[in-house]
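Residue numbers (our numbering), protein chains in the order written: chain A, 8 to 244; chain B, 10 to 232. Structure first, then comments.
In structure tokens, the structure reads:
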């Protein structure tokens with residue numbers, strides 16, 4: 008019997024160039040992320056971290072180069088890609104006049120996912136009781152972020168693209184987020200986290216990628232020493 | 010596609026039911042427009058009755074612009090348009106859903122404005138089915154073109170001023186056909202003239218619904 012074909016990488020970018028008008032968002036990114044990896048993307052403001060995630064989500068097309076997401080073309084096969092990808096961005100993507108529960112339910116159903124995880128996801132993010140029936144317009148920034156996370160947790164996509172996921176969250180929500188990332192990774196999902204809070208994400212990541220000027224300028228594996236707490240990591244260039 | 014359309018339409022209608030923008034702002038605006046038209050025409054009731062069909066459709070057209078702007082702004086806040094794109098929903102379903110939600114609001118609005126025309130202008134409807142059918146066809150056309158051009162202007166900072174500029178000329182055939190049909194329905198009988206204009210509305214609707222289904226996705230991606 009012929010051996011099974013190897014799975015394509017979760018993300019593959021080769022010489023990827025993306026433009027906004029004439030301004031380069033990505034200036035020749037080469038990056039490969041294997042299935043099940045958790046990768047930290049770091050870099051200064053304007054380095055191209057968000058653009059990299061948006062290209063991976065198929066929101067920004069490439070001007071040149073190649074990109075494959077879960078083995079698919081995110082432009083030509085955009086709907087298949089997007090149903091399997093979850094993105095947490097700077098915006099919470101909520102409708103102000105809908106309640107928390109209605110927002111989560113709509114987002115989950117829109118993505119074609121089952122609604123059976125919604126209650127559990129909301130519980131984990133502390134969205135219970137009256138909060139579920141509260142209009143999004145009345146929520147604080149942190150609560151809106153929790154709702155956006157609840158959508159992601161309820162959808163449980165194959166590829167998680169997280170842009171500054173810890174921003175605006177309190178300590179308990181940060182812990183819940185870290186648990187979710189850990190569970191997603193251990194469940195076989197691929198997680199890419201763009202963050203300035205490297206110390207928080209390095210505890211979860213297997214690799215760190217540094218982006219600057221729209222390019223990947225360095226990569227390093229993150230190796231955890233046996234018996235040490237998860238946050239004690241050694242860097243291998 | 011139909012599932013996505015139902016999901017989007019349900020969401021938009023729920024948002025409108027909560028915010029009551031249609032009821033508290035768009036409908037009163039339409040009524041105020043009818044009252045102002047009446048002031049402009051003077052106390053001659055026969056003149057007002059003759060002008061009622063055209064004034065009704067002009068008021069509907071202005072209200073459509075407001076309803077479409079509201080429909081677009083709902084998706085512009087908090088990155089909601091990106092969320093719809095990221096969901097992987099069928100763009101044709103999104104178009105049909107948003108157009109259906111706008112159409113449902115316009116139908117309610119037309120009932121209110123229709124009553125306003127009868128009460129304020131003394132207009133007498135003699136062929137009710139022609140009024141109903143033409144209003145429904147006109148509504149479909151306005152919702153389809155409005156949703157399409159609303160999406161075109163959505164990503165632009167000048168969308169509030171650009172939308173009426175784009176939409177009003179495109180919707181002119183609806184204004185013309187709707188007015189002619191209402192005139193025919195108000196003078197009595199079912200003249201051939203009225204049904205001919207109905208055919209124009211059917212063709213207009215079919216063309217713009219088809220265009221919307223095909224191009225809404227590319228417009229969303231490029232906006």
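Just so it is clear, CB atoms sit at the ideal spot from N, CA and C, and this is done for glycine as well.
Validate contact between the segment 103-117 of chain B and the segment 146-153 of chain B using beta carbons, cut 8 angstroms, 3 pairs: yes
Supposed contact pair residue 170 of chain A and residue 60 of chain A - C-beta distance, whole angstroms, cut 8 angstroms: 5 angstroms
Taking residue 15 of chain B as the reference, give the member of B:213, B:194 and B:104 with the closest Cα. B:104
Contact list for the segment 90-107 of chain A against chain B, Cβ threshold 7 angstroms: 90, 94, 96, 98, 99, 100, 101, 102, 103, 104 and 105
7 angstroms Cβ cut-off: residues of chain A touching residue 89 of chain B: 100 and 102
Quick one: does residue 118 of chain B have its CB under 7 angstroms from some CB of chain A? no
For residue 195 of chain A, which three-state DSSP category applies? coil
Contact under 7 angstroms by Cβ, residue 25 of chain A with residue 76 of chain A: no
So the candidates are A:74, A:119 and A:32; which of them puts its Cα closest to the Cα of residue 15 of chain A? A:74
Under a CB-based cut-off of 7 angstroms, is residue 86 of chain A close to chain D? Looking for chain D here will not work: the only protein chains present are A and B.
Please report how far the alpha carbon of residue 101 of chain A lies from the alpha carbon of residue 89 of chain B, in whole angstroms. 6 angstroms
Does the segment 116-123 of chain B come close enough to the segment 165-185 of chain B that 3 or more CB-CB pairs lie under 8 angstroms? no
Partner residues on chain B for residue 128 of chain A, Cβ-Cβ distance less than 8 angstroms: Under the 8 angstroms cutoff, chain B gives no residues; its nearest Cβ is about 16 angstroms from residue 128 of chain A.
Given a limit of 8 angstroms on CB to CB distance, which residues of the segment 96-123 of chain B reach chain A? 96, 97, 98 and 99
Exposed or buried, what is residue 48 of chain B when buried is set at 16 or more other beta-carbons lying within 10 Å of its beta-carbon? exposed
Taking C-beta pairs closer than 9 angstroms, name the residues in chain A that residue 222 of chain B reaches, listed in chain order. Here the premise fails: no neighbours, minimum Cβ distance about 15 angstroms.
Between the Cα of residue 225 of chain B and those of B:70, B:93 and B:83, spot the shortest distance and give me the residue it belongs to. B:93
Please state whether the Cβ-Cβ distance between residue 155 of chain A and residue 202 of chain A is less than 7 angstroms. no
Tell me whether residue 37 of chain A sits in a helix, a strand or coil according to DSSP, three-state version. strand
Can you give the beta carbon distance from residue 193 of chain B to residue 209 of chain B, rounded, assuming they're within the 8 angstroms contact cut? About 13 angstroms separates the two Cβ atoms, so there is no contact after all.
With DSSP run on the structure shown, which of helix, strand or coil describes residue 29 of chain A? coil
Closest residue to residue 108 of chain B among B:231, B:223 and B:218 (Cα-Cα distance): B:218
From the beta carbon of residue 162 of chain B, is the nearest beta carbon of chain A less than 7 angstroms away? no
Measure the alpha-carbon distance for residue 181 of chain A versus residue 126 of chain B and round it to whole angstroms. 59 angstroms
With distances taken between CB atoms, is the gap from residue 124 of chain A to residue 183 of chain A smaller than 7 angstroms? no
Please check the pair residue 213 of chain A and residue 225 of chain A, which I expect to be a contact at CB under 8 angstroms, by giving their CB distance rounded to whole angstroms. At roughly 16 angstroms, the Cβ-Cβ gap does not stay under 8 angstroms, so residue 213 of chain A and residue 225 of chain A are not in contact.
Neighbour list for residue 20 of chain B in chain A, Cβ cutoff strictly below 9 angstroms: 102, 105, 109, 113 and 117
Which chain A residues sit within Cβ distance under 7 angstroms of residue 83 of chain B? 102
Return helix, strand or coil for residue 173 of chain A, following the three-state DSSP convention. coil
Whether residue 175 of chain A touches residue 152 of chain A by CB criterion (7 angstroms): yes
Spatial neighbours of residue 175 of chain B within its chain, please: CB distance less than 8 angstroms, with the 5 preceding and 5 following residues excluded, ordered by chain position. 158, 161 and 162
Residue environment, residue 109 of chain A, which counts as buried when at least 16 other CB atoms sit within 10 Å: buried
Of all the alpha helix (DSSP H) runs that stay within the bounds of the segment 46-106 of chain B, which reach a length of 4 or more residues? 54-85 and 89-96
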